[in-house]
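Remarks on the structure that follows.
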Amino acid sequence: MPERIYITGLGLISAIGMDVEENFASLEKQYSGIGEIQYLETIHKGEIPVAEVKATDEELFDRVGINPVKGYTRTALLSINAAREAVEMSGSELSNDKRTGIISATTVGGMVKSENHYLDFLNNDNSNIYIGTHDCGDATEKVASYFGFKGFMTTISTACSSSLNSIMLGARMIRNGKLDRVLVGGADALSRFTINGFNTLMILDRDGCKPFDENRNGLTLGEGAAFIVLESGTSSIKNNRKILGEVKGWANANDAYHQTASSPEGEGAYMAMSKALKMSGMDVTDIDYINAHGTGTINNDLSEGKAIEKLFGIKMPKVSSTKPYTGHTLGAAGVIEAVFSILAIKNRVVFPNMNFKQPMKELSFSPVKEFLEEQKVHKVLTNSFGFGGNNSTIIVSDVS
Amino acid sequence: MSEIFINGIGAVTPQHTHDNARFLEHIEIYDHNNLRCVNPNFKEFIPPMELRRMSRIIRMGIASARISMKEAGVEMPDAIITGTGMGCVEDTEKFLISMIDNKELLLTPTSFIRSTHNTVGAQIALKLKCHNYNFTYVHRGFSFENVLQDAIMLIREGDAGNVLAGGIDETSDNHYSISGRLGFWKDKPVRNLDLLKERSNGTIAGEGSVFAMLSNVKGEKDYGRLTDIDTFISPESHLYTKQRIENFLGQSNLNPGDIDLVILGYSGDIRYDEVFDTIRNSLFSGIPAAYFKHLCGEYYTSSSFAFWLAAQILEKQFIPAVVKLDDLNPNGINNVLIYNHFMEHHHTLMLLSK
Amino acid sequence: MEELIERLKGEIIEVLNLEDVEPEEIDADAPLFGEGLGLDSIDALELIVLLEKNYGIKIEDPKDGKKIFFSVRSMAEYITEHKGK
Chain E
1 MPERIYITGL GLISAIGMDV EENFASLEKQ YSGIGEIQYL ETIHKGEIPV
51 AEVKATDEEL FDRVGINPVK GYTRTALLSI NAAREAVEMS GSELSNDKRT
101 GIISATTVGG MVKSENHYLD FLNNDNSNIY IGTHDCGDAT EKVASYFGFK
151 GFMTTISTAC SSSLNSIMLG ARMIRNGKLD RVLVGGADAL SRFTINGFNT
201 LMILDRDGCK PFDENRNGLT LGEGAAFIVL ESGTSSIKNN RKILGEVKGW
251 ANANDAYHQT ASSPEGEGAY MAMSKALKMS GMDVTDIDYI NAHGTGTINN
301 DLSEGKAIEK LFGIKMPKVS STKPYTGHTL GAAGVIEAVF SILAIKNRVV
351 FPNMNFKQPM KELSFSPVKE FLEEQKVHKV LTNSFGFGGN NSTIIVSDVS
Chain H
1 MSEIFINGIG AVTPQHTHDN ARFLEHIEIY DHNNLRCVNP NFKEFIPPME
51 LRRMSRIIRM GIASARISMK EAGVEMPDAI ITGTGMGCVE DTEKFLISMI
101 DNKELLLTPT SFIRSTHNTV GAQIALKLKC HNYNFTYVHR GFSFENVLQD
151 AIMLIREGDA GNVLAGGIDE TSDNHYSISG RLGFWKDKPV RNLDLLKERS
201 NGTIAGEGSV FAMLSNVKGE KDYGRLTDID TFISPESHLY TKQRIENFLG
251 QSNLNPGDID LVILGYSGDI RYDEVFDTIR NSLFSGIPAA YFKHLCGEYY
301 TSSSFAFWLA AQILEKQFIP AVVKLDDLNP NGINNVLIYN HFMEHHHTLM
351 LLSK
Chain X
1 MEELIERLKG EIIEVLNLED VEPEEIDADA PLFGEGLGLD SIDALELIVL
51 LEKNYGIKIE DPKDGKKIFF SVRSMAEYIT EHKGK
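For the record, the sequence lines run as chains E, H and X.
So in this note's numbering, spot 382 of the first sequence is number 382, and the numbers just go up one at a time.
So in this note's numbering, spot 335 of the second sequence is number 335, and the numbers just go up one at a time.
So in this note's numbering, spot 44 of the third sequence is number 44, and the numbers just go up one at a time.
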């Protein structure tokens, strides 16, 4: 019997809440975190809406009991906030044995500092402390040193699917017998670099994203971090953990169509979903809810929608995108939505796809419009797709 | 458990490594501290319409990947895994500088979309129309080793027969001067071949791209097998490192005496090189030792150069004089251990065997 | 018009890094995208910025690019029509 991959801890910080409980309350109240830019300095303030975590860096330090010092990026602070909650919830410690690991993910790492200090980097020694926080590994190592952890660690960066891939790698390392427990997740802080980058692609919706709507006009960027503690079945039982769910299937496939755009028929998306489903040993009818990637761009929602349609046909489960709440959090999106998927199972609910009004003419299905309670939600599929055609799917379930 | 064979290798580095028929015959000598790759004719690997938007790292990556695939006779790998510490430095700088200079106005998308860390892996997939598993590791001095670790797992899971695995980093003038502020590089220009003679702080910067075609079946080319990988961070003492190496070899039922060649990550930085002396003297005295950073410079995935070196040595059963640390000559080379660290923080072990 | 077309050819070669293409090789009436020069959607975004930067013409909806950037001539016509508006 292959090892089972249990979920024993969750931690989450996003524009709709500072922890898991607050996030769930916002989902329930249909409160969106999208609004005018408050914290980031950019000329796009007032023009491009975003979903910022509602806290200054100082407040993020304070929440985890670190005295504000230089050398921490917002990405690292978001990471530590979410990682601490996940580890506390799991009741485990990140002990320094060879059986524990940390796997994180990000797209732009410490860019939020680099972009403000880059002229210093080039011209003087005033901001040297942020040179070493630029790369993707920095936030991961900040999390590790917060816990005094020196075991296995790595960082993944596959654009917007990054953190779903960190869950996948963690699960594989447990199944391969390399680790017993692993903290997996990801983080991205909003930066001028990403706002301007997506703006050049002309895919930022000036009114906030409207996934799967006929009149959708782009995505809305957000920021956040989430972590999940995965633990092998054997280790969870031995340590008497409270088991919150199980990772049943995973897959990564490449669309191989275009550097940024998805193929019109969603070939890579279809492959990732069907492969994950096959691995989980489930049938399409077993899936109760799909937390879609659903960014709100014309291209993604059509491509993903077509792929979902092709796989599920008339046996369509409930579908929604939660990006109208949190915005598209890039490297954190996969794991944030995996946490939402587990919350859906735990609370027997399905989250509505806010901002949806008019069905897309190309699709036969519409996303969920209302917050649904007392639902049968045992198994959830969640997608994350990124630049470079990087498509990932995982399937989580309750523990049967 | 499945063995992992190295059936093809491709390297674009500051040395003439892109032609596998030659093995460090002509050594490129540098008298500055920021080593750049010797370029193959990229037009042989990439059509001009595609080349026009490709920064150096993408060109280097695609060319070396192509070389390794061709050698292994693989047209469609079952997985593409890349590792890079800094990612697409040139495109990132380009977008960042134009954003700062133009005050966030009138920016164009090309450098932004090509700045993501998975660009090289994605571009290879796009070229091949390869829909398979595609991952990118970005953890500093572990990036390349994480790639190999994943490749081994994938093959042993039975999910892949052939894995294209690569480590890539590019340098730039800005990257060199910025990381120089952290004391990474030597103050004065040093001739690369004199790297270990200088006895001063800092090392020389470099870059490179090494791809290998790993497989569960032995191919025509015999670059040996990738046996095991280990990574560990900031060990508390040289003694810990020594024990870690002994345990690592023990996992493959080997003793230090079974190693025919140890390749060490000497960088010429006297602050960080001591552990290599300790390990060499305590575990591997009397065993041939080699070094490599004088040929490729230091960067987060520089150990990929050592991997290339080990594979070539296993295939050709010959240790070029330019990498030798001693006059010892083994009788047959069956087991090669690579021990590297990046600035004494990220320590890695790789074991390759005949 | 012909002067503008020649100028545009040079600008297109420059912003799109068409290193191996000479201005005289570009047919003013041939399609820029797909067949013809073989440009793609990212090039279209680059051309949108070119129009704003060099001619002060702002295109809000990338979908409009399809018609405007059909050929060098259609670009020149669009610029003549909208310049200074």
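In this text, a Cβ means the ideal position worked out from N, Cα and C, and glycines have one as well.
Since the structure is predicted, the reported quantities are computational estimates derived from the model, not experimental observations.
| Hey, Ile228 of chain E and Met153 of chain E are a contact pair by Cβ (cut 8 Å); roughly how many whole angstroms apart? | The Cβ separation is near 16 Å, so there is no contact.
| said: Less than 8 Å between the C-beta atoms of Cys37 of chain H and Met60 of chain H, yes or no? | reply: yes
| query | Since Leu239 of chain H meets chain X, which of its residues come closer than 9 Å, beta carbon to beta carbon? | reply | Neighbours of Leu239 of chain H on chain X: none; closest Cβ ~54 Å, over 9 Å.
| request: If I'm right that Gly386 of chain E touches Ala159 of chain E with Cβ under 8 Å, what's the distance once you round it to whole angstroms? | output: The Cβ separation is near 3 Å, so the contact holds.
| said: When you compare the CB of Pro40 of chain H with every CB in chain X, is at least one pair closer than 8 Å? | reply: no
| said: Which residues of the stretch 20-43 of chain X have a Cβ closer than 9 Å to any Cβ of chain E? Give them in chain order. | reply: Cβ contacts with chain E: Asp40, Ser41, Ile42.
| message | With a threshold of 8 Å between beta carbons, is Val49 of chain X in contact with chain A? | response | In the structure shown, chain A cannot be found, because the protein chains are E, H and X.
| said: Less than 8 Å between the beta carbons of Gly10 of chain H and Ser64 of chain H, yes or no? | reply: For Gly10 of chain H and Ser64 of chain H, yes; Cβs fall inside 8 Å.
| query | How would you call Ile79 of chain X, buried or exposed, if buried means at least 16 neighbouring beta carbons within 10 angstroms? | reply | buried
| query | Which residue comes first and which comes last in the alpha helix (DSSP H) that contains Asp255 of chain E? | reply | Looking at the DSSP string, Asp255 of chain E is not in any alpha helix (DSSP H), and its letter there is neither H nor E.
| field | Cβ pair count under 8 Å reaching 3, the stretch 279-291 of chain E against the stretch 244-264 of chain E | value | yes
| task | Whole angstroms is fine: what's the gap from Met350 of chain H's alpha carbon to Phe292 of chain H's? | result | 15 Å
| field | Opening and closing residue of the alpha helix (DSSP H) in which Ile195 of chain E lies | value | 192-200
| request: Report yes if the CB atom of Ser79 of chain E is closer than 8 Å to the CB atom of Ala139 of chain E, and no otherwise. | output: yes
| query | Going by DSSP, which residues form a beta bridge with Val182 of chain E? | reply | According to DSSP, which records beta bridges pairwise, Val182 of chain E is partnered with E:Gly101, E:Leu230.
| message | Tell me the rounded alpha-carbon separation between Arg144 of chain H and Asp169 of chain H. | response | Position check: residue 144 of chain H holds Phe in this sequence, whereas Arg was assumed. Near 10 Å, if we compare the C-alpha coordinates of Asp169 of chain H and Phe144 of chain H.
| query | Quick one, are the C-beta atoms of Glu304 of chain E and Ala292 of chain E less than 8 Å apart? | reply | Taking C-beta atoms as the reference points, Glu304 of chain E and Ala292 of chain E count as a pair closer than 8 Å.
| query | Is it buried or exposed for Phe24 of chain E, if we count other Cβ within 10 angstroms and need 16 for buried? | reply | buried
| On the three-state DSSP scale, how would you describe Cys160 of chain E? | strand
| How would you label Pro264 of chain E, buried or exposed, when you count the other beta carbons within 10 angstroms and need 16 or more for buried? | exposed
| task | Take Lys66 of chain X and list the residues in its own chain whose beta-carbon comes closer than 7 Å to its own, dropping the five residues that flank it on each side. | result | none
| task | Taking only runs that begin and end inside the stretch 193-272 of chain H, name each unbroken alpha helix (DSSP H) of 4 or more residues, in chain order. | result | 238-251
| At a CB-CB cut-off below 8 Å, which residues of chain E make contact with Leu45 of chain X? | Thr200, Leu201, Met202
| message | Going by C-alpha to C-alpha distance, which of H:Ile270, H:Asp228, H:Asp19 sits closest to Met153 of chain H? | response | H:Asp228
| said: Does Lys103 of chain H come out as helix, strand or coil in the three-state DSSP assignment? | reply: coil
| In whole angstroms, what is the alpha-carbon distance linking Gly71 of chain E and Asp205 of chain E? | 33 Å
| field | Beta-carbon neighbours of Ala261 of chain E, restricted to chain X and to distances below 8 Å | value | Counting only Cβ-Cβ distances below 8 Å, Ala261 of chain E has contacts in chain X at Ser41, in chain order.
| said: So Met49 of chain H contacts chain X; which residues on that side make the cut at Cβ distance below 7 Å? | reply: Gly38
| task | Please work out which residues of its chain come closer than 7 Å, Cβ to Cβ, to Leu449 of chain E, disregarding the five sequence neighbours upstream and downstream, and give them in chain order. | result | Outside the displayed span of chain E (1 to 400) sits residue 449 of chain E, for which this structure offers no information.
| task | Mind listing the chain E neighbours of Cys130 of chain H? Cutoff is C-beta to C-beta under 9 Å, in chain order. | result | Asn254, Ala256
| field | Coarse secondary structure for Glu11 of chain X, derived from DSSP in three states | value | Here DSSP, grouped into helix, strand and coil, assigns Glu11 of chain X to helix.
| task | Using a Cβ-Cβ cut-off of less than 8 Å, give me the residues of the stretch 98-123 of chain H that come near chain X, in sequence order. | result | Leu106, Leu107, Thr108, Pro109, Thr110, Ile113
| request: Work out the CA separation of Ala160 of chain H and Ala338 of chain E for me, nearest whole Å. | output: Looking at the two C-alpha atoms, the distance is approximately 26 Å.
| Among H:Leu254, H:Asn247, H:Asp326, H:Glu236, which has the Cα closest to the Cα of Leu264 of chain H? | Its Cα nearest to that of Leu264 of chain H, the residue H:Asp326 stands out among H:Leu254, H:Asn247, H:Asp326, H:Glu236.
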